[in-house]
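Here's the structure, in structure tokens; my notes come after.
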Amino acid sequence: MIDHQIVIRAACLVLVASLLPATLMAHGGVVEEDDLCIIKVNYLRAHFKIYQPRVSGHEQFCEDLPVASESVFVMEYQHDSLSFMPIDFRIIRDVTGKGRFARIEDVDEIADIDAATVFYRPASLEPDVYTVLHEFAEEGDFIGIVSATHPDTNKIYAAVFPFEVGFTGWGYWPFIIGLLIIIQVQYLLMSGRLKRWFGAASVLACCLVLSPGVAEAEDLVVTYSTPDGPVEINRMHSWVLHVATAEGEPVTGAEIEVDGGMPAHNHGLPTRPRITHEIGDGDYQLDGVRFHMGGYWEIVVSVTTDAGTETIVIPLTL
Ligand SMILES: [Cu+2]
256 MIDHQIVIRA
266 ACLVLVASLL
276 PATLMAHGGV
286 VEEDDLCIIK
296 VNYLRAHFKI
306 YQPRVSGHEQ
316 FCEDLPVASE
326 SVFVMEYQHD
336 SLSFMPIDFR
346 IIRDVTGKGR
356 FARIEDVDEI
366 ADIDAATVFY
376 RPASLEPDVY
386 TVLHEFAEEG
396 DFIGIVSATH
406 PDTNKIYAAV
416 FPFEVGFTGW
426 GYWPFIIGLL
436 IIIQVQYLLM
446 SGRLKRWFGA
456 ASVLACCLVL
466 SPGVAEAEDL
476 VVTYSTPDGP
486 VEINRMHSWV
496 LHVATAEGEP
506 VTGAEIEVDG
516 GMPAHNHGLP
526 TRPRITHEIG
536 DGDYQLDGVR
546 FHMGGYWEIV
556 VSVTTDAGTE
566 TIVIPLTL
């Protein structure tokens, strides 16, 4: 077991390192710091990312999206006060004519914002992680508007980020990444280890993640991986949970709740991580994970399927 993990991890490192430049492009309202997309709602900051699970699985986008498809917008707050502020989210067609340079003032000048709106979610309180799902009907230029209302002063803080759907500025990257994945998969298949340990379904998952860990219950096996790199104290990050039966069949369509804490200190998690979307093949995206101290943690994963609810505890020492 140990032996194969080292081989796969080393191979993964190479691939992940080569994927990094693809995520380092950003402009407009979402700025990039230390590899993360940060959205600034006035002085409040949140880590911002977009997924298109049907077309690109785990891949995270800062702003521009490759195709008109189901898109999941996720904000992980870096500022606790956002947990107590009602937040609303609007997507409009870019009718400002300003493109990349559209600002909040340009949006304020739009006479009939409802006519330009393609998606609107009224203000709601979401602890730690805010998520929105929108299916784009067509490609084009859009503007996202996030507004947070201060509970005491009623002051509204807004952030505006112009973005393009059907973005084609990736150059050769899709080709290079595709080639690397093919090489990787071929290597794993030829080494023969893959089938023995993982089964074909998790080939791609393995290639895109680091540090796999396993927890088992009676009937389900939950594997987790941390695509953003090894877990660091106090950094908000994501996990990918893989749920399979004891026989290795991926479990899809499950309801998953995640909780946890440090039993020795009698406290829970500092954030409320949640599954933002199902990637497919038994993979589920868990966003909003953060640990505020080193020591022994237990992550409690409750998986509900037609067969009932199963609770799996993942031990983790940081
Ligand atoms: Cu503690």
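If you want my numbering, it's the position in the sequence shown, counting the first as 1, plus 255. Note that the Cβ used here is the ideal one computed from N, Cα and C, for glycine as well.
For Asp538, the secondary structure class from DSSP, reduced to helix, strand or coil, is strand.
Here Gly503 carries a coil assignment [DSSP, helix/strand/coil]. Contact fails between the region 310–325 and the region 354–362, because fewer than three Cβ pairs, one in each stretch, are under 8 Å apart. The beta carbon of Val420 lies closer than 7 Å to those of Leu320, Ala323, Phe391, Glu394, Gly395 and Phe397 in the same chain, with the five residues before and after it left out. Of the residues Pro482, Thr478 and Arg309, the one whose Cα lies closest to the Cα of Asp542 is Pro482. If the five residues before and after Val568 are omitted, its C-beta is found closer than 6 Å to the C-beta atoms of Glu553 and Val555, all from its own chain and listed in chain order. For the 8 Å CB-CB criterion, Asp343 and Arg376 form a contact. DSSP, reduced to helix, strand and coil, places Phe344 within a strand of the structure shown. Considering only Ala499, Ile530, Glu533 and Val544, the residue with the shortest C-alpha distance to Pro485 is Val544.
A residue is listed when its beta-carbon falls short of 6 Å from at least one non-hydrogen atom of ligand 1; in chain order these are Met517, His520, His522, Met548 and Gly550.
As far as DSSP is concerned, Pro485 takes part in no beta bridge.
In the structure shown, the three-state DSSP call for Val310 is helix.
Judged by DSSP in its simplified three-state form, Ile359 adopts helix.
In this structure, the alpha-carbon of Asp514 lies about 15 Å from that of Val495. The criterion of a C-beta distance shorter than 8 Å is satisfied by Ile305 and Ser326. Distances from the CA of Thr408 to each of Met340, Gly503, Ser311 and Glu565 were compared; the closest alpha carbon is that of Met340.
DSSP places Ala413 in the uninterrupted beta strand (DSSP E) bounded by Ile411 to Val420.
Taking the CA atoms as reference points, Thr386 sits about 13 Å from Ser338. Ala371 carries a helical assignment under DSSP once its states are collapsed to helix, strand and coil. In its chain, beyond the 5 residues on either side, Thr559 have a beta carbon closer than 7 Å to the beta carbon of Glu510. Contact between Ile488 and Phe546 holds, since their C-beta atoms are separated by about 6 Å, short of 8 Å. Per the coordinates, the alpha-carbon of Leu388 lies some 15 Å from the alpha-carbon of Glu331. The beta carbon of Gly399 sits closer than 6 Å to the beta carbons of Ile346 and Phe416 from its chain, once the five residues preceding and following it are set aside; these are given in chain order.
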